[in-house]
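A.B. asks: Chains as they are written, first to last, in the working numbering: chain A, 640 to 978; chain B, 640 to 978. Once you've had a glance at the structure underneath, I'll fire off some questions.
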């Protein structure tokens, strides 16, 4: 297994592409890679409401290649995919609710574009390492807990169906066409630069926003629901490991598995860390209720044992750093799509 | 549970649409519905190689509405979907191998078009009964046998991934939007009017063709692989039941479950029924091997117990009728796409 210095060295001087690189996870990954001495190309569509912000890369803007284009555009993909050693494929639509009201867009981005990215890559850059950002949403309502990678796939919303297809295309192109692919099934990634304008990335964004603005946190449901969370630095390290370690080739990994916590306890933790605040319960809206998955937490023992991934930031610390980040920022810029 | 006369009566005077209605199963279904006194509309794209033949409905051509259009065309769907009581949604690309060489087409037909059909139907005809032709291919390599409907979904090819998404969209629109949907996961349906020009529907088509032409049957692999088969009349009856019985609403059913037979025994049965012939083994080609699923046979006890479906045609009888059909036909017309 690769230790942190080996991971760092493996990226030095390498050409790395990040789709969705202006978003929350992509921009944090880009910053780390720049520190490692990689040549980073970001491809991002800057679609509204998806989390892309130029401000996310303002500090590394001069040393990266930034290409604003949509991965639905196969002609630019033909050009853009060439020559990269590693492709972190994070471009996606993440909102479950948006996927229900605008299913075509979700299908195009999360399903059709993934297929065309793979087909194009097979043609112009078949030996690239590809790491795909998948999601725990594809499991649907857990049949058992914690959920490991062998848990049946049974998504409950359009987003989950399309992300399933997107992940499966990746693994298929690995198995059938010999491409080097890994999928990471992410769980509630949070931290600085997460979207807080709405719940499109995780509901926790809204909570951080509320507590920083001195507003009340709204807990949907009874507050007993269990979830696990991954701090951004730990999620980024999982991507870096998956892109560097040949053992990840052809593998699917859960990234999560922090100690599960109920939403009520989480709300109280957030308020305590913020030094004050209140929360209140509200029922699920009908459109959320029907796609809710109940309790979820991941078994991440596979990535721990195979790649040596260990999350290093406890929830309290990660939340404290997140709250501190948004307290130090001009908040209004985080409530708009672009800057 | 509905007996056959109740099923027949339930379709009398009803408006029924069949997508893919010029194909093997669709045309047999249309003929039965015409006999029941339904007003049948067939929508078919007549895409080459997918099994559509005008000759399949020549005997009922005057009493059906035939609309040549592609379900990828959302504008015609807006018009066509209105007013039907039951929609049998059979339009699909069935070839596993084609899906690997032309994945975009498979995605458009089996995945994207299904979503637009459902979205459009939700808008213009939300109370229609919809019965979707799914496939056992979505299970992938069986983890246990016989395969029931709770078996994990893990397709091994692009066709399986896209058919999974198509089925899941249907069930989701039932669960979330209250539409009346049923999915039938079909297994090796065979019989008169099956495609015998190639193996795009089932390999058995090629075998029937060989034996009728006096050529050698090619058995891929060792001949020990197990499969089950459904005679066309029994498959049609499953569709009719699913469209008529409210208990089918929101349900997924395996259609199959005949006694499993090895490919070697099947080849010998076909030859015996044909009154002569030979067979030989050949290895899988590399592109077939990688998407092969090994043994498969279905547990169809759910549709038996819930809808009272009982296959009535034993394999020997079905094969004999199939061979007799093609012996009575001008064979060359079955080796071309259109007529």
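In this text, a Cβ means the ideal position worked out from N, Cα and C, and glycines have one as well. These numbers come from a predicted model, not from an experiment.
#1: Mind checking who residue 640(B) pairs with in its DSSP beta bridge?
#2: Would you say residue 739(B) lies against chain A (beta-carbon separation less than 8 Å)?
#3: Does residue 932(A) come within less than 8 Å of chain B when only Cβ atoms are used?
#4: Within 10 Å of its beta-carbon, does residue 818(B) have 16 or more other beta-carbons around it, so buried, or fewer, so exposed?
#5: If you draw a straight line from the alpha carbon of residue 678(B) to that of residue 658(A), how long is it in whole angstroms?
#6: From residue 833(A) to residue 844(A), what does the alpha carbon distance come to, in whole angstroms?
#7: State the start and end residues of the unbroken beta strand (DSSP E) segment that holds residue 768(A).
#8: Mapping DSSP to helix, strand and coil, what is residue 680(A)?
#9: When we look at the beta-carbon of residue 704(B) and count the other beta-carbons within 10 Å, is it buried (16 or more) or exposed?
#10: Which residues in chain B have a C-beta closer than 7 Å to the C-beta of residue 760(A)? List them in chain order.
#11: Is there a Cβ from chain B that is less than 8 Å from the Cβ of residue 807(A)?
#12: Measure the CB-CB distance between residue 731(A) and residue 749(A) and report whether it falls below 8 Å.
#13: What residues in the segment 786 to 801 of chain B bring their beta carbon closer than 9 Å to a beta carbon of chain A?
#14: Which first and last residues belong to the alpha helix (DSSP H) in which residue 737(B) is found?
#15: Assign residue 961(A) to one of three DSSP states: helix, strand, or coil.
#16: Restricting to Cα atoms, I'd like to know which of 792(A), 799(A) and 814(A) is closest to residue 797(B).
#17: How big is the Cα-Cα spacing for residue 992(B) and residue 772(B)?
#18: Closer than 9 Å by beta-carbon distance: list the chain A residues that pair up with residue 736(B), in chain order.
#19: Would you list, in chain order, the members of the segment 946 to 969 of chain A that have their beta-carbon closer than 7 Å to a beta-carbon of chain B?
#20: Whether or not the segment 793 to 807 of chain B and the segment 908 to 925 of chain B are in contact is what I'm after, with contact meaning three or more pairs of Cβ atoms, one per stretch, closer than 8 Å; do they touch?
#21: What three-state label does DSSP hand residue 744(A) in the structure shown?
#22: Compile a chain-ordered list of the residues in the segment 811 to 824 of chain B whose CB is closer than 8 Å to at least one CB of chain A.
#23: Which word fits residue 972(B), buried or exposed, when buried means at least 16 other C-beta atoms lie within 10 angstroms of its C-beta?
#24: To which residues of the same chain is residue 711(B) closer than 6 Å at the C-beta, ignoring the five residues directly before and after it?
#25: DSSP on residue 666(A), reduced to helix/strand/coil?
#26: Please decide whether residue 754(A) counts as near chain B, where near means a Cβ-Cβ distance under 8 Å.
#27: Please state the DSSP three-state secondary structure of residue 720(A).
#28: Where do the ends of the alpha helix (DSSP H) carrying residue 685(B) lie?
#29: Spell out whether any CB of chain C is found under 8 Å from the CB atom of residue 716(B).
#30: Check the Cβ-Cβ distances between residue 804(B) and every residue of chain A, and say whether any is below 8 Å.
#31: Measuring only the C-alpha atoms, how far is residue 734(A) from residue 648(B)?
#32: Going by CA-CA distance only, name the one from 920(B), 700(B), 675(B) and 676(B) that's closest to residue 682(B).
#33: In the DSSP assignment, find the unbroken alpha helix (DSSP H) run with residue 757(A) in it and report its ends.
#34: Could you compute how far the alpha carbon of residue 694(B) sits from the alpha carbon of residue 848(B)?
#35: How should residue 876(A) be labelled, buried or exposed, when 16 other C-beta atoms within 10 angstroms of its C-beta is the threshold for buried?
#36: Under 9 Å between beta-carbons, which chain A residues line up against residue 743(B)? List them in chain order, please.
C.D. replies: Checking against the coordinates, here is how it stands:
#1: For this step, residue 640(B) is matched to residue 1 along the second chain. None, per the DSSP bridge assignment.
#2: The residue given as residue 739(B) occupies position 100 in the second chain. Yes, its Cβ sits closer than 8 Å to a Cβ of chain A.
#3: The residue given as residue 932(A) occupies position 293 in the first chain. No - not a single Cβ of chain B is within 8 Å of the one on residue 932(A).
#4: For the purposes of this step, residue 818(B) is identified with residue 179 of the second chain, where counting begins at 1. Answer is buried; the Cβ neighbour count reaches 16.
#5: Stepping through the second chain from its first residue, residue 678(B) is reached at position 39. Stepping through the first chain from its first residue, residue 658(A) is reached at position 19. About 51 Å.
#6: Mapped onto the first chain, residue 833(A) falls at position 194. Mapped onto the first chain, residue 844(A) falls at position 205. About 7 Å.
#7: In the first chain, residue 768(A) corresponds to position 129, counting from 1. Per DSSP, residue 768(A) belongs to the beta strand (DSSP E) from 768 to 774.
#8: Here residue 680(A) refers to the residue found at position 41 when the first chain is read from its first residue. Strand.
#9: Residue numbering aside, residue 704(B) sits at position 65 when the second chain is read from its first letter. It counts as exposed.
#10: For the purposes of this step, residue 760(A) is taken as the residue at position 121 of the first chain. The contacting residues do not exist; residue 760(A) stays about 13 Å from chain B at best.
#11: If you number the first chain from 1, residue 807(A) lands on position 168. Taking Cβ atoms only, chain B reaches closer than 8 Å to residue 807(A), which makes this a yes.
#12: Along the first chain, read from residue 1 onward, the residue named residue 731(A) stands at position 92. Along the first chain, read from residue 1 onward, the residue named residue 749(A) stands at position 110. Result yes, Cβ atoms of residue 731(A) and residue 749(A) sit closer than 8 Å.
#13: 789, 790, 791, 792, 793, 794, 795, 796, 797, 799, 800 and 801
#14: Taking the first residue of the second chain as position 1, residue 737(B) is located at position 98. That run of the alpha helix (DSSP H) goes 735 to 740.
#15: Residue 961(A) sits at position 322 when you count from the first residue of the first chain. In the structure shown, residue 961(A) sits in a helix (DSSP, three-state: H, G or I).
#16: Taking the second chain and counting its residues from 1, the one referred to as residue 797(B) is at position 158. When each option's Cα is compared against that of residue 797(B), the closest is 814(A).
#17: Past the boundaries of the shown model lies residue 992(B); chain B is included only from 640 to 978, so the question cannot be answered.
#18: Residue numbering aside, residue 736(B) sits at position 97 when the second chain is read from its first letter. The contacting residues do not exist; residue 736(B) stays about 11 Å from chain A at best.
#19: none
#20: no
#21: Numbered from its first residue, the first chain carries residue 744(A) at position 105. If DSSP states are grouped into helix, strand and coil, residue 744(A) belongs with the helices.
#22: 811, 814 and 815
#23: Taking the first residue of the second chain as 1, we reach residue 972(B) at position 333. With fewer than 16 other Cβ atoms within 10 Å, it is exposed.
#24: As a position in the second chain, residue 711(B) is number 72, starting the count at 1. Correct list, in chain order: 747 and 752.
#25: Looking up residue 666(A) in the first chain gives position 27. Residue 666(A): helix per DSSP, three-state reduction.
#26: Reading the first chain from its first residue, position 115 is the one you call residue 754(A). Yes - at least one Cβ of chain B is within 8 Å of the one on residue 754(A).
#27: Start at 1 with the first residue of the first chain, and residue 720(A) comes out as number 81. Note: residue 720(A) maps to coil in three-state DSSP.
#28: The residue given as residue 685(B) occupies position 46 in the second chain. No alpha helix (DSSP H) holds residue 685(B); DSSP gives it neither H nor E.
#29: Looking at the structure shown, chain C is missing, and the protein chains on hand are A and B.
#30: Counting from one through the second chain, the residue named residue 804(B) turns up at place 165. Chain A, which has a Cβ nearer than 8 Å to the Cβ of residue 804(B), makes this yes.
#31: Start at 1 with the first residue of the first chain, and residue 734(A) comes out as number 95. Start at 1 with the first residue of the second chain, and residue 648(B) comes out as number 9. Spanning the two alpha carbons is a distance of roughly 46 Å.
#32: Counted from its first residue, the second chain places residue 682(B) at position 43. The candidate whose alpha carbon is nearest that of residue 682(B) is 700(B).
#33: Counting from 1 along the first chain, the entry for residue 757(A) is found at position 118. Residue 757(A) -> alpha helix (DSSP H) spans 752 to 763.
#34: Here residue 694(B) refers to the residue found at position 55 of the second chain. Here residue 848(B) refers to the residue found at position 209 of the second chain. Using only the alpha carbons, I get a separation of about 18 Å.
#35: The residue labelled residue 876(A) in the question sits at position 237 within the first chain. Buried.
#36: Counted from its first residue, the second chain places residue 743(B) at position 104. Here the neighbours are 751, 754, 755 and 758.
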